[in-house]
Structures are given as C-alpha cells and as structure tokens.
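Chains as they are written, first to last, in our numbering: chain F, 32 to 146; chain L, 3 to 116. Just so you know, even glycine gets a beta-carbon here, dropped at the ideal spot from N, CA and C. On a predicted model such as this, the values are computed, not experimentally measured, just so you know.
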Amino acid sequence: AQSVTQLGSHVSVSEGALVLLRCNYSSSVPPYLFWYVQYPNQGLQLLLKYTTGATLVKGINGFEAEFKKSETSFHLTKPSAHMSDAAEYFCAVNAGGTSYGKLTFGQGTILTVHP
Amino acid sequence: KAGVTQTPRYLIKTRGQQVTLSCSPISGHRSVSWYQQTPGQGLQFLFEYFSETQRNKGNFPGRFSGRQFSNSRSEMNVSTLELGDSALYLCASSLMAELNTEAFFGQGTRLTVV
C-alpha cells in the first residue's frame, strides 16, 4: 500500500524567499506523483505531476519538483515566494496497477507568506 | 469550458438522515472520483467510477455509496448520517482512464451533520 508523508504541517516564509515543501512517499511500484494546492473554501488545483521521464518537473506559478527515487522524495520548490502563494499544499501518489482514480494524499502543508 | 460542478455547496443535515450529493464532471470526462476531507483525517478516497462502473473503492462503511449515470454525472449518497460524516466532499473528474491523468476537482460540498 502506498503512503505519503509531508514534513511540516506549517511552513512560513518571507515574500521573495525560497519555498521548500517536503514530501516523501512509500510505494511498492513506481508511482505517479502529484502536487495540488488548495485555497480557502476551494477545491484542489494541480500544480504539477510526475509520471515518467524527466525527474525535474516544472509546474504552474513558478513551482517545480524533483523526483528522487533513491530518497523516495518529491519535494516542491519555488525560488521566490509571493503573497498569493499562501495556501495549503498537498502531495499525492497514485501507485498504478488497479488504483484507478485513487490518489493517496499527504496531510497537507499550510504555507504562510509574510510581507 | 465549465469546470467540475458540485451541488449543493453547503448542506446541513440531522443525524440519522440521508443525503445525496451531485457532481457534474467536465464535458467529455468519463472518470469521476469522490474524496472526503476532514481536519483530522485529511483527504480520503471514497470511490471512483468510469463509464457507470465502480472500479475502485476506499475504506468507508457501506453507508457511503455512489453511482454514475450515462452522461458521466455522478452522485454519492450517505445514509444514516453520523456527526463524524461532517466534512468537505470533493469530486474530481478525469478525461482518460489512464492512472497518470490529471484530476480536476470541484469546489466541494460542505456537509454539516447536527
């Protein structure tokens, strides 16, 4: 069974600082990995995904993530935080096989951006 | 292009009642998944439908059920509501059947059980 661990339920950064949100996964098969963002009272919006191929994945709004199989990690980064980045971020995994439509999510990381 | 539409947005029910939530996927999408989001348990997978067939189910009691219609619209039903069923219920739709396909989420239905 797959699982996802997000280190740090709250991360606080200054505007213009580097954003680093950590995600480690456990999967018995090569996984499909996703990062989603959720703004208050909204659904989830996909930031980026890793399926196969290049391990450095670029997403929307300047975010990127690197798949490191040896570390079972998929950390999300953004070089310079903006106030509008304040939201909750979720890492998710789909383990393939017959896991149709089934995303396993981490517990989420709330990002606060200070002016 | 319209996104995933969930109705109603907010709902208040009494313990013991039943409730039906509706989800209209993006036009052309045939896969619909449902998730429950609570502060304590986070986001948990309920079930997934594709072409009116349930292909996957999470670890929820039988009080939680769903169905998909021929136009891909989906409903989920919760019977004999409990206080612990209070949550944000999210629906997601996908274009293809492949596992790596992006899921588009609706804004959710916030259910409060009193």
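*For the beta strand (DSSP E) that contains Val68 of chain F, what are its first and last residues?*
Translated into the one-based positions of the first sequence, residue 68 of chain F becomes position 37. From DSSP, the beta strand (DSSP E) with Val68 of chain F extends over 63-69.
_Beta carbons nearer than 8 Å to chain F: which residues of the segment 16-33 of chain L have them?_
Ser33
*Test: Phe65 of chain F CB closer than 9 Å to a CB of chain L*: The count along the first sequence starts at 1 and reaches residue 65 of chain F at position 34. It does; some Cβ of chain L falls within 9 Å.
*Give the single residue among F:Ser40, F:Phe65, F:Arg53 whose Cα lies nearest to the Cα of Asn125 of chain F.*
For the purposes of this step, residue 125 of chain F is taken as residue 94 along the first sequence, with counting starting at 1. Per the Cα distances, F:Phe65.
*Please go through the same chain and pick out, in chain order, the residues whose beta-carbon is closer than 6 Å to the beta-carbon of Ser67 of chain L, but skip the five residues on each side of it.*
Within the second sequence, residue 67 of chain L is the residue found at index 65, counting from 1. Asn79.
*Would you give the residue range spanned by the beta strand (DSSP E) that Met78 of chain L belongs to?*
Within the second sequence, residue 78 of chain L is the residue found at index 76, counting from 1. Start and end: 76-80.
_8 Å contact criterion, which Thr114 of chain L and Ile14 of chain L should meet: CB distance rounded_ = In the second sequence, residue 114 of chain L corresponds to position 112, counting from 1. In the second sequence, residue 14 of chain L corresponds to position 12, counting from 1. At roughly 5 Å, the Cβ-Cβ gap stays under 8 Å, so Thr114 of chain L and Ile14 of chain L are in contact.
*Have a look at Leu85 of chain L and Glu119 of chain F and give me their C-alpha separation to the nearest angstrom.*
The sequence position of residue 85 of chain L within the second sequence is 83, counting from 1. The sequence position of residue 119 of chain F within the first sequence is 88, counting from 1. In a straight line, the C-alpha of Leu85 of chain L is about 25 Å away from that of Glu119 of chain F.
*What are the residues that DSSP puts in a beta bridge with Ile91 of chain F?*
Sequence index remark: in the first sequence, residue 91 of chain F carries index 60 (1-based). BP columns for Ile91 of chain F are empty, so no partner.
*Assumed close pair Val88 of chain F, Leu77 of chain F - CB separation to whole angstroms, cut-off 8 Å*: As a working note, residue 88 of chain F is residue 57 in the first sequence. As a working note, residue 77 of chain F is residue 46 in the first sequence. At roughly 11 Å, the Cβ-Cβ gap does not stay under 8 Å, so Val88 of chain F and Leu77 of chain F are not in contact.
_Glu50 of chain L - containing beta strand (DSSP E), residue span_ = Taking the second sequence and counting its residues from 1, the one referred to as residue 50 of chain L is at position 48. Here the beta strand (DSSP E) through Glu50 of chain L covers 44-52.
*For Gly44 of chain L, which residues in chain F fall below 9 Å Cβ to Cβ?*
To locate residue 44 of chain L, count along the second sequence from 1; it is residue 42. Per Cβ cutoff of 9 Å: Phe121, Phe136, Gly137, Gln138, Gly139.
_Ala89 of chain L vs Arg112 of chain L beta-carbon contact at 9 Å_ = Position 87 of the second sequence, counting from 1, holds the residue named residue 89 of chain L. Position 110 of the second sequence, counting from 1, holds the residue named residue 112 of chain L. Contact: yes.
*Verify the CB distance criterion: does Thr129 of chain F have a CB-CB separation below 9 Å to chain L?*
Taking the first residue of the first sequence as 1, we reach residue 129 of chain F at position 98. Yes, because at least one Cβ of chain L sits closer than 9 Å to the Cβ of Thr129 of chain F.
*Is there contact here, the segment 10-26 of chain L with the segment 45-54 of chain F, by at least three beta-carbon pairs under 8 Å?*
no
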